[in-house]
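Working notes, beginning with the structure itself.
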Amino acid sequence: MEETCAHLEAIENIIEPKDYVCEECIKHHSSWVHLRTCQTCGVTLCCDSSPNTHMTRHFHATGHPVVISAEPGERWLWCYVDEAVKGY
Numbered sequence: 000m001e002e003t004c005a006h007l008e009a010i011e012n013i014i015e016p017k018d019y020v021c022e023e024c025i026k027h028h029s030s031w032v033h034l035r036t037c038q039t040c041g042v043t044l045c046c047d048s049s050p051n052t053h054m055t056r057h058f059h060a061t062g063h064p065v066v067i068s069a070e071p072g073e074r075w076l077w078c079y080v081d082e083a084v085k086g087y
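Numbering follows numbering that gives the first Met the number 0, in which position 79 of the sequence shown is assigned residue number 78; successive positions increment by one, without gaps.
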């Protein structure tokens, strides 16, 4: 039997991105590859393929465990703590 991630299972409502920009990259005039939206606070930041890896930095600073892909057409959640993914 496959174990489930409690952090992913706890998500009841998806927080969608407000804008399709990395809020930190914009401040520092940087670029990004893909975007993720934190499901705890709603901030949208860049992924690990981006030069600044702002969302992973956000996780380490805050402990907010779950993000969604903020890319149009992608519908999945990622848990940093358990390194687990789930579609929605």
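For glycine and all other residues, C-beta sits at the position ideal for the given N, C-alpha and C.
Range covered by the beta strand (DSSP E) that runs through residue i
| i | result |
| --- | --- |
| Cys-45 | 43-45 |
For residue i, the three-state DSSP class (helix, strand or coil)
| i | result |
| --- | --- |
| Cys-40 | coil |
| Arg-56 | helix |
| Cys-4 | coil |
| Lys-85 | strand |
| Cys-78 | strand |
Candidates the options: closest to residue i by CA position
| i | options | result |
| --- | --- | --- |
| Pro-16 | His-27, Ala-83 and His-33 | His-33 |
| Asn-51 | Gly-62, Arg-35, Val-84 and Ser-30 | Ser-30 |
| Thr-61 | Asp-18, Pro-71, Leu-76 and Val-42 | Val-42 |
Inter-residue CB distance, residue i and residue j (contact presumed, cutoff 8 Å)
| i | j | result |
| --- | --- | --- |
| Trp-77 | Val-65 | 7 Å |
| Thr-36 | Ala-69 | 5 Å |
Residue interval of the alpha helix (DSSP H) (run including residue i)
| i | result |
| --- | --- |
| Ile-25 | 22-27 |
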